[in-house]
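Participant: Numbering (my numbering), first residue to last: 42 to 203. For every residue, glycine included, the Cβ atom is placed at its ideal position computed from N, Cα and C.
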Amino acid sequence: MSFDNRMRNDPDVRALELFNNAYYTGIFRRFVGRVLGKPRQLKVLSESVSGRVISERKQLGVRTVRLSDVLGTVTRPDQFDIEFYPTSRTTRDRWLSVAAGMIRDFSALPTPEFILFEDIYYVEDGHHRVSVARRLGYLFLDANVTEWLTAADLPHIESSTT
42 MSFDNRMRND
52 PDVRALELFN
62 NAYYTGIFRR
72 FVGRVLGKPR
82 QLKVLSESVS
92 GRVISERKQL
102 GVRTVRLSDV
112 LGTVTRPDQF
122 DIEFYPTSRT
132 TRDRWLSVAA
142 GMIRDFSALP
152 TPEFILFEDI
162 YYVEDGHHRV
172 SVARRLGYLF
182 LDANVTEWLT
192 AADLPHIESS
202 TT
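#1: I believe E124 touches R175 by the beta-carbon criterion, under 8 angstroms. Please report the beta-carbon distance rounded to the nearest angstrom.
#2: Are the region 90 to 100 and the region 132 to 152 touching, with three or more C-beta to C-beta distances below 8 angstroms?
#3: Quick one: measure Cβ to Cβ for L86 and Y163, integer angstroms, because I've assumed they're closer than 8 angstroms.
#4: Within the chosen definition, does the region 102 to 121 reach the region 182 to 190 through at least 3 CB pairs nearer than 8 angstroms?
#5: Is the region 125 to 137 in contact with the region 53 to 61, if contact means three or more CB pairs nearer than 8 angstroms?
#6: Is the separation between the beta-carbon of R135 and that of L83 shorter than 9 angstroms?
#7: Where do the N-terminal and C-terminal ends of the beta strand (DSSP E) with V139 fall, by residue?
#8: Compare the C-alpha of S89 against each of R70, D160 and V173 and name the closest.
#9: Note down, in chain order, each residue of its chain lying with its Cβ closer than 7 angstroms to the Cβ of D166, except the 5 sequence neighbours on either side.
#10: Please determine, among A193, L157, A149 and P52, the residue with the shortest C-alpha to C-alpha distance to T105.
#11: Cα separation between R145 and Q120?
#12: Please state whether DSSP places F72 in a helix, a strand or coil.
#13: Excluding the 5 residues flanking V173 on each side, which residues of the same chain have their C-beta closer than 6 angstroms to its C-beta?
#14: Write down the C-beta distance between R81 and R70 rounded to the nearest angstrom, noting that I regard them as a contact closer than 8 angstroms.
#15: Please say whether D53 and L150 have beta carbons closer to each other than 9 angstroms?
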């Protein structure tokens, strides 16, 4: 095997290639989004919930989630865009570490934590894993999911008066 092939198979080298590609692709996509007037920011859970009372938090357990349905965040709206492209180089070291780990053995990483609210998944823990998974071409990801329901989402029980 040539030196070039060995380097390309090295998880750290592959992770760096993925990050650089993701970072610059993200810059381009955000530029195009601005020109076309299409926002590329992640949805923020607190803004989506704003003014509503969460009546129930239901643990759904580990579910297979379509990554294209993961459009929001609980805490990090400025680190990734709507497609989880990194928006800043400040995430680089953590991103590279997660990417190299996923390339070596994805099963060794903890399961991400998502909140499901009104058919949108919000990342509570695992932003970098979602970003890397998308760059590696994953379409689905197993995640521990908690569903948030408002009173309007809960079934209404009619009381009968006799």
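Facilitator: Reading from the atomic positions:
#1: Indeed, because the Cβ distance is near 7 angstroms, the residues count as touching under 8 angstroms.
#2: No, because fewer than three Cβ pairs between the region 90 to 100 and the region 132 to 152 fall closer than 8 angstroms, the two stretches do not touch.
#3: Contact between L86 and Y163 holds: CB atoms are separated by about 4 angstroms, below the 8 angstroms threshold.
#4: Yes, since at least three Cβ pairs between the region 102 to 121 and the region 182 to 190 fall closer than 8 angstroms, the two stretches touch.
#5: In the pairwise beta carbon analysis, the region 125 to 137 is classified as touching the region 53 to 61: at least three pairs are separated by under 8 angstroms.
#6: No; because the gap between Cβ atoms is not below 9 angstroms, this pair is not in contact.
#7: Unbroken run through V139 is the alpha helix (DSSP H), R133 to D146; no beta strand (DSSP E).
#8: Between S89 and the set R70, D160 and V173, the nearest pair of CA atoms involves D160.
#9: Hits under 7 angstroms: P153 and E154.
#10: Per the Cα distances, L157.
#11: A straight-line Cα-Cα distance of about 24 angstroms links R145 and Q120.
#12: Reduced to three states, the DSSP call for F72 is helix.
#13: Taken in chain order, the residues that qualify are V139, A140 and M143.
#14: Contact flag correct, Cβ pair sits at about 6 angstroms.
#15: Cβ distance not < 9 angstroms, so L150 and D53 don't count as in contact.
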